[in-house]
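From first to last, the protein sequence lines stand for chains A and B.
To get the numbering used here, take the position in the first sequence, counting from 1, and add 167.
To get the numbering used here, take the position in the second sequence, counting from 1, and add 28.
Virtual Cβ for every residue (Gly too), placed ideally from N, Cα, C.
Treat the numbers as computed from the prediction; the structure is a model and nothing was measured.
Quick notes on the structure that follows.
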Amino acid sequence: SAVISQKPSRDICQRGTSLTIQCQVDSQVTMMFWYRQQPGQSLTLIATANQGSEATYESGFVIDKFPISRQNLTFSTLTVSNMSPEDSSIYLCSRDGHIGYRASGRGVMSEQFFGPGTRLTVL
Amino acid sequence: QKEVEQNSGPLSVPEGAIASLNCTYSDRGSQSFFWYRQYSGKSPELIMSIYSNGDKEDGRFTAQLNKASQYVSLLIRDSQPSDSATYLCAVSRLSGGGADGLTFGKGTHLIIQP
Numbered sequence: 168s169a170v171i172s173q174k175p176s177r178d179i180c181q182r183g184t185s186l187t188i189q190c191q192v193d194s195q196v197t198m199m200f201w202y203r204q205q206p207g208q209s210l211t212l213i214a215t216a217n218q219g220s221e222a223t224y225e226s227g228f229v230i231d232k233f234p235i236s237r238q239n240l241t242f243s244t245l246t247v248s249n250m251s252p253e254d255s256s257i258y259l260c261s262r263d264g265h266i267g268y269r270a271s272g273r274g275v276m277s278e279q280f281f282g283p284g285t286r287l288t289v290l
Numbered sequence: 029q030k031e032v033e034q035n036s037g038p039l040s041v042p043e044g045a046i047a048s049l050n051c052t053y054s055d056r057g058s059q060s061f062f063w064y065r066q067y068s069g070k071s072p073e074l075i076m077s078i079y080s081n082g083d084k085e086d087g088r089f090t091a092q093l094n095k096a097s098q099y100v101s102l103l104i105r106d107s108q109p110s111d112s113a114t115y116l117c118a119v120s121r122l123s124g125g126g127a128d129g130l131t132f133g134k135g136t137h138l139i140i141q142p
């Protein structure tokens, strides 16, 4: 398992403003991830925050709207910019945890653990 | 486009019975498979991970993977009311498993009836 914290846990924001969400993990990791969970929906990957390089964004998500910083091996931030009511969601960060190597010798086995989430409401 | 499909339910199972949750995925290159449990208002909690064909058991939970059929399932034995939650199936394409962004299904809402 993992200990992951996020701040703030929830916020109510006005249209057109920006909010920065912080994520702190309990051990040094190369990869951290940011997801969005819209009301009543499943999780959608926003981007991968790799220490030492620019974040990699998924289709439909752009850096201008969701700038991500990776300050060090245990900390990352996601900013939701120029917010609209459609941005009302839960935003979750996650990190991976290496658990071993595949029997085939090709690749690792790794699991992903999630923070408690930030519940954002945009008015 | 990577897709993960689950029956949204609700799936209602009597207490003590076996709950069977199913998931299919479209990307044949998928390498790693995960089941998460999510209680209302909480973040997903990892239940099981499975990386090769066959069964993997952990306590009351058994994950089954059939890559040829692109099918993964989760069995919960001796279901308890505390198992009532939404169960999310997630897949990863890279051999790094969780060290890769996950694609999630929409989840199956499971209700265990006392």
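**Study point:** chain C within 8 Å of L74 of chain B, Cβ atoms only
**Key:** No chain C appears in this structure, whose protein chains are A and B.
Check your understanding: Using a threshold of 7 Å, is the CB atom of A47 of chain B nearer than that to any non-hydrogen atom of the ligand GDP?
Key -> For the structure depicted, the ligand GDP is absent and the ligand set is empty, with no information on it obtainable.
**Study point:** Contact with chain B by E221 of chain A, beta-carbon distance below 8 Å
**Key:** no
Exercise for review: Could you pull out every residue in the same chain whose Cβ sits closer than 7 Å to the Cβ of D86 of chain B, ignoring the five residues on either side in sequence?
Suggested key: M76
Exercise for review: Give a yes or no on whether the minimum CB-CB distance between Q278 of chain A and chain B is below 8 Å.
Suggested key: The residue you asked about is not Gln; residue 278 of chain A is Glu in the sequence shown. Interface residue, yes.
Practice item. At 7 Å on the CB atoms, spell out the chain A contacts of Y53 of chain B, in chain order. Key: Ordered by position in chain A, no residue passes the 7 Å Cβ test against Y53 of chain B, which lies about 13 Å from the chain.
Exercise for review: Pull up the distance between the alpha-carbon of S112 of chain B and that of L287 of chain A, whole angstroms please.
Suggested key: 26 Å
Exercise for review: Examine chain A for any beta-carbon lying closer than 8 Å to the beta-carbon of G57 of chain B, and answer yes or no.
Suggested key: no
Check your understanding: Beta-carbon of L102 of chain B versus every beta-carbon of chain A: anything under 8 Å?
Key -> no
**Study point:** L290 of chain A beta carbon less than 8 Å from that of Q205 of chain A
**Key:** no
Review point. At which residues does the beta strand (DSSP E) containing A113 of chain B begin and terminate?
Key: A113 to S120
Exercise for review: Say whether the region 276–283 of chain A touches the region 225–239 of chain A, bearing in mind that this needs 3 or more beta-carbon pairs closer than 8 Å, one atom from each stretch.
Suggested key: no
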